[in-house]
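First up is the structure itself, then whatever we jot down about it.
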Amino acid sequence: MKERRKRMKKLLTTAAVAASLTGVILAQTPPYIWYVEVSPETAQLYDGNPLVENTHYYNGQTWVPNDGVWDVRSLFGNGGTIWQNAASGQIDTNAPILRVPLSLQAPGEYTIYAYFWSDSSGWRAQAGLSLDTLTLYIHQAGLQEGLIQLGSNGPEGEHDHPELSSPEYLTEINGVPIYNTPSDQGLMVGEGNRRLLQATLGTLNITEPTTVYVYLGPDPNQQDSNERTWLDGVGYMYVPEPSTWAILILAGLTGIGLLRRNRR
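Residue 18 is where the sequence shown starts when you use this note's numbering, and the numbers rise one by one after that.
Dropping the structure here:
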């Protein structure tokens, strides 16, 4: 009887350790969202040529309508900068289309996102996975399909943006953790009277390493300052293919076998 209890105790200990091992493996596995800030280092012109300061973008505000230059404004957004097509009270329908390359390495499913800001009016951004498939995403009551507001609303809905005394952050979206954010507090989604919006551009099934391009631009038919663009970043949600999960489960089961063998 004593020997039987000893064997049972050993078996339970082995199972507990193996379960812990499997849990650790799965807990550190995707899905996750990977954020990439728009910057002169990460972005290019739509044709792949490098961005040239004072030709394609300007650090600060030009205050010149239709100058075809992005204003890179500091002290706003994630990473401390946003890209606006026009200053307050101005219009610029000529700011060039940008593209941001995303290097996708592991096999699996990738959902691609674009992130831009809006106050309580109708700020907007063009975004897509090719120049031919750009969609104009607009902050307005009853957000269009594929667009969600991440920052909090007031009681009146999407157009109610109470002034925030301090920035609002998220560390996950719908239960999926966000990584590579400039702040260790997470992704900034609310600042002042502005809120961050997430546009879903499409889902891709990747079987081998590839580079995907996210194209971003202003409204080419902008009519007033309430229709301007504040770009912040792009990103993707990665979900591994089923075979990857099978490998992880197999690793956990192998761990159980090894533990049992070592405890004999």
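Every residue, glycine too, gets a C-beta built ideally from N, C-alpha and C. Please read all numbers here as calculations on a predicted model, not as lab measurements.
| query | result |
| --- | --- |
| Residue interval of the beta strand (DSSP E) (run including W134) | G125 to S135 |
| Of the residues I165, E126, S169 and D236, the one placed nearest I114, counting alpha carbons only | D236 |
| Backbone secondary structure at E244 - three-state DSSP | helix |
| For P57, three-class secondary structure by DSSP | coil |
| C-alpha distance - T68 paired with P57, whole-angstrom precision | Looking at the sequence shown, residue 68 is not Thr but Leu. Their backbone Cα atoms lie some 7 Å apart in a straight line. |
| Length of the line joining the Cα atoms of D109 and P82 | 5 Å |
| Contacting residues, own chain, Cβ-Cβ under 6 Å from A104 (five flanking each side not counted) | Q78 and W80 |
| With 16 other Cβ atoms within 10 Å as the buried cut-off, status of E189 | exposed |
| Alpha carbon of G40 to alpha carbon of D64, nearest angstrom | Its pLDDT being 41, under 50, G40 is placed unreliably by the model, and nothing is read from it. |
| Beta-carbon proximity list for L146, same chain, < 6 Å, skipping 5 on both sides | L218 and G219 |
| Between the CA atoms of N71 and Q239 - distance to the nearest angstrom | 22 Å |
| Beta-bridge pairing of D88 - partner residues as DSSP gives them | Y75 and Q101 |
| Beta-carbon gap between L92 and Y255 smaller than 9 Å | no |
| Buried/exposed call for S183, threshold 16 Cβ in 10 Å | exposed |
| Rounded separation between A123 and P194 - CA only | 18 Å |
| Per DSSP, cross-strand counterpart(s) of W140 | Answer is none; W140 lacks a bridge partner. |
| DSSP beta-bridge partners of Y154 | A142 |
| Of the listed residues Y186, I165 and E185, nearest to H176 (C-alpha basis) | I165 |
| Where L5 sits in the DSSP three-state scheme | There is no way to answer for residue 5, as the model of the chain reaches only from 18 to 281. |
| V229 and L221 closer than 9 Å at C-beta | yes |
| Y257 (DSSP reduced to helix, strand or coil) | Residue identity differs from the one stated: residue 257 is Pro in this sequence, not Tyr. In this structure, P257 counts as strand in the three-state DSSP scheme. |
| C-alpha distance - G192 paired with E126, whole-angstrom precision | 17 Å |
| Separation of L204 from Q45, as counted between CA atoms | Confidence is the limiting factor: at Q45 the pLDDT is only 47, short of 50, which leaves the residue's position unreliable and the question unanswerable from this model. |
| Nearest residue (CA-CA) to R212, options E162, N66, R116 and R141 | R141 |
| N111 versus G96 - alpha carbon distance | 25 Å |
| Close-in-space but distant-in-sequence residues of the same chain around P257 (CB under 6 Å, 5 per side omitted) | P47 and G125 |
| Backbone secondary structure at D149 - three-state DSSP | helix |
| Close beta carbons around P179, own chain, < 6 Å, minus the five adjacent residues each side | G171 |
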